[in-house]
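Have a look at the structure below, then the notes.
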Amino acid sequence: MTLLEAAAALRRRETSSAELTAAALQRIERLNPSTNAMQTVMAEAARERAKQADQELARGEDHGPLHGIPVAVKDLFYTKGVRTTGGSSLFADYIPDHDAAVVESLCAGGAVLLGKTGMHELAYGITSSNPHFGAIRNPWDRDRIPGGSSGGSGAAVAGGMVSMAMGSDTGGSIRIPASFCGVVGLKPTYGRVSRYGAMPLGFSLDHMGPLTRSVRDAGAVLNVIAGYDRRDETSSRRPVENYVPEIEPSIRGLRIGLPENFYFERLDPDVEAAVRAACQSAESRGAEIVLLRVPDIAALNTVARVILLAEASALLGPHLEQRDRFGPDVLALLDQGRLVPATDYVNAQRLRRVMQGEFAGLWSRVDCLFTPTTPITAPRIGETATAISSQSEDVRLAATRLVRAINPLGLPALSIPCGADRRGLPIGLQIVGPPYAEALILRVAQALLPAEVAVPRL
Amino acid sequence: MSNDRKKDWKKIARANGLAIPDAALERIAQSLDALEADFRPLVRALPPETEPATVFHAEDPE
């Protein structure tokens, strides 16, 4: 059941928040041992909050579509009085004294916070095979990774434990798990959702957004979490729109850009076929597919990597005296970051400006872009290299290759499932829009995916 | 910054007082070299008037 379906059922008195919460807790109890999606389950607090939500709704106090709905947040969002680890042994016992802005908004919207989802250590990676808290497993095939770093959120939503889990995205960490787990993942424009109270990784690249089982659900969550927050210096004062698309929106006349360079150069053939089929589907609904060349995405990926290496190491460097507290992959990245000179960081931020200008020119020619989210489907746990078109590629670099460049541009982007590969694993379509065009990309996504995502039988 | 010689990461780490074990430096050297090779040409093409995309307000926007 999607979030909005549950919300409608609540208001028809067909169910209660207490029943929804109990069912979610039962599902977690059954599936978490084999997926490890949930890091912390707040069962008692959730039951209490659900009871309260039912009482509020009964007396006509309705806080909106999230009221009484069980949700989860990635374990890097501060939760007052509840452990927030960031997937790191450094913060294994850290209990914040305040909520993240996103958590405040969800609670003000009446949501029932069921718990915290597991993640890649410090959000710095894409496997979610966490050396301190165990590997998170993909509900579609538990020998495979869910993607990351918001891997627990992807697995919890795909596994039906919650209809929405919040994630964060610094180089693809919402969209990659959405692609690998076959759910909807929305990375809003930089500045649209407050970063306050979310453990940072790359200050200028971090974005917060939901993973859901339908496109309309993602819009409904964005309605609640978007908006200006003075505690986040990069927060935008631009007014918030209604982001929930119509059930059957029109995309007639929309110009959808399909890149001729970079994005289709090295892909699993099943991924390419599914994304091209999605383009045909959009065309059959009256959209115009515009073939075009995009600016140098490889260069943008390089710029994003330099920025992230420097920002993450600046942030976490003081902890590096305790080298045994880090997993080997994260430690290697943090060591690399300490060797990036300050001049490179400044120049990367200058290049970012240049490329922002180059990319801005695209939006006079098209309304949005279609690309694959990831060139591959979910790899096996422990795989460090993947073969694409007979070429071996590092799994982390492959998984981030088509998504990372969007972060330094700060553009809104989402991933929706658009088919499955020969093994039945989900394939993701990435839709990218101009700044603050969340409503538009959600409308396009809804036209292609009007129903709940397909879910694995568990 | 303008030459194309490979950097000696061990010497740089030592000069900066970074306690990174040699074995760890050997493991990351290839990644750093590859990043250098990709990044250096981009920097050379930067127009001098381009300012960095940093966020700072001399006054609280509130």
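First to last, the sequence lines map onto chains A and B.
Take any residue in the first sequence, note its place counting from 1, add 14, and you have its number in this note's numbering.
Anchor point for the second sequence: position 29 equals 22 in this note's numbering, and the numbering is continuous, going up by one each time.
A virtual CB, placed ideally from N, CA and C, is assigned to each residue, including glycine.
Using a Cβ-Cβ cut-off of 6 Å (strictly less than) and excluding sequence neighbours within five positions of residue i, which residues of its own chain qualify?
| i | result |
| --- | --- |
| A/A453 | E255, Y257 |
| A/L268 | A301, D381 |
| A/G186 | T414, V417, R418 |
| B/M(-6) | Residue confidence for B/M(-6) is low, a pLDDT of 42 falling below 50, so the modelled location carries little weight; the figure read from the coordinates is stated next. If we look at B/M(-6) and ignore the five residues flanking it on each side, it has no Cβ neighbours. |
| A/E325 | G216, F217 |
| A/A465 | none |
| A/I239 | V116, S119, V207 |
| A/C432 | A288, A292, I441, L443 |
On a Cα-Cα basis, can you pick out the residue from the options that is closest to residue i?
| i | options | result |
| --- | --- | --- |
| A/R189 | A/G199, A/M180, A/S182 | A/G199 |
| B/F49 | A/L329, A/N275, A/S218, A/V55 | A/S218 |
| A/L18 | A/N237, A/K201, A/P273, A/G267 | A/N237 |
| A/G148 | A/M15, A/A192, A/P79, A/S103 | A/S103 |
| B/R37 | A/A122, A/G168, A/D358, A/V235 | A/D358 |
| A/D343 | A/L34, A/S142, A/V55, A/Q53 | A/S142 |
| A/A461 | A/E28, A/P259, A/F340 | A/P259 |
| A/G82 | A/G196, A/D68, A/P464 | A/D68 |
| A/L383 | A/R73, A/V446, A/A240, A/Q350 | A/V446 |
| B/A51 | A/V354, A/D282, A/L443, A/E247 | A/E247 |
| A/G205 | A/H146, A/T16, A/S250, A/L472 | A/S250 |
| A/V467 | A/E118, A/M178, A/S208, A/L306 | A/M178 |
| A/R26 | A/R41, A/A232, A/Q66, A/G74 | A/G74 |
| A/S48 | A/S378, A/N152, A/V354 | A/N152 |
| A/D231 | A/G211, A/S378, A/L80 | A/L80 |
| A/L463 | A/P355, A/K65, A/R471, A/V197 | A/V197 |
| A/V229 | A/L472, A/I455, A/V469, A/L306 | A/I455 |
Leaving aside the five residues before and after residue i along the sequence, list all residues of the same chain whose C-beta is less than 7 Å from its C-beta, in chain order.
| i | result |
| --- | --- |
| A/T203 | G424, L425, P426, P449, Y450, E452 |
| A/A38 | P84, L128, M175, V176 |
| A/Y108 | R97, T98, T99 |
| A/R410 | G139, I140 |
| A/M180 | V87, K88, F91, V116, S167, M222, P224 |
| B/I13 | A6 |
| A/Y242 | S249, S250, R251 |
If we ignore side chains and look at the alpha-carbon of each, how far apart do residue i and residue j end up?
| i | j | result |
| --- | --- | --- |
| A/E43 | A/P440 | 25 Å |
| A/L322 | A/E58 | 38 Å |
| A/A20 | A/L345 | 42 Å |
| A/V289 | A/S264 | 20 Å |
| A/N50 | A/I402 | 29 Å |
| A/G166 | A/S404 | 31 Å |
| A/T93 | B/P34 | 44 Å |
| A/E279 | A/G168 | 27 Å |
| A/A374 | B/E19 | 40 Å |
| A/A122 | A/H77 | 7 Å |
| A/I303 | A/S429 | 18 Å |
| A/G271 | A/E372 | 15 Å |
| A/G396 | A/R158 | 9 Å |
| A/S30 | A/L71 | 9 Å |
| A/P145 | B/P41 | 44 Å |
| A/G474 | A/F194 | Nothing in the structure corresponds to residue 474 of chain A, since chain A is present only between 15 and 472. |
| A/V55 | A/R61 | 11 Å |
| B/T47 | A/Q363 | 7 Å |
| A/P191 | A/S163 | 7 Å |
| A/A287 | A/A296 | 14 Å |
| A/G233 | B/F32 | 37 Å |
| A/R437 | A/Q294 | 23 Å |
| A/K201 | A/R367 | 20 Å |
| A/F105 | A/I150 | 19 Å |
| A/I261 | B/G10 | 59 Å |
| A/P110 | A/M213 | 11 Å |
On the premise that residue j lies in contact with residue i, defined as a C-beta separation below 8 Å, what is that separation, rounded to the nearest angstrom?
| i | j | result |
| --- | --- | --- |
| A/Y277 | A/L215 | Contact flag wrong, Cβ pair sits at about 25 Å. |
| A/P422 | A/V308 | About 14 Å; that fails the 8 Å criterion. |
| B/L28 | A/R352 | Incorrect: roughly 13 Å between the Cβ atoms, too far for contact. |
| A/L45 | A/G173 | 5 Å |
| A/T131 | A/M15 | Not confirmed; about 19 Å, so no contact. |
| A/L443 | A/A312 | 21 Å between Cβ atoms; not a contact. |
| B/L39 | A/L365 | 6 Å |
Note down, in chain order, each residue of its chain lying with its Cβ closer than 8 Å to the Cβ of residue i, except the 5 sequence neighbours on either side.
| i | result |
| --- | --- |
| A/R266 | R299, G300, A301 |
| A/V285 | P386, T388, P389, I390, T391, D435, I441 |
| B/A22 | W2 |
| B/L25 | K0, W2 |
Could you tell me which residues DSSP pairs with residue i in its beta bridges?
| i | result |
| --- | --- |
| A/H134 | A/H134 pairs with nothing; no bridge assigned. |
| A/M222 | A/S182 |
| A/V198 | A/T226 |
| A/N152 | A/D155 |
| A/T54 | A/K130 |
| A/I42 | Answer by DSSP bridge pairing: none, since A/I42 is not bridged. |
| A/I430 | A/L443 |
| A/N144 | A/G148 |
| A/G271 | A/V304, A/L383 |
Residues of chain D with CB closer than 7 Å to the CB of residue i, please, in chain order.
| i | result |
| --- | --- |
| B/R20 | Note that chain D does not occur in the displayed structure, where the protein chains are A and B. |
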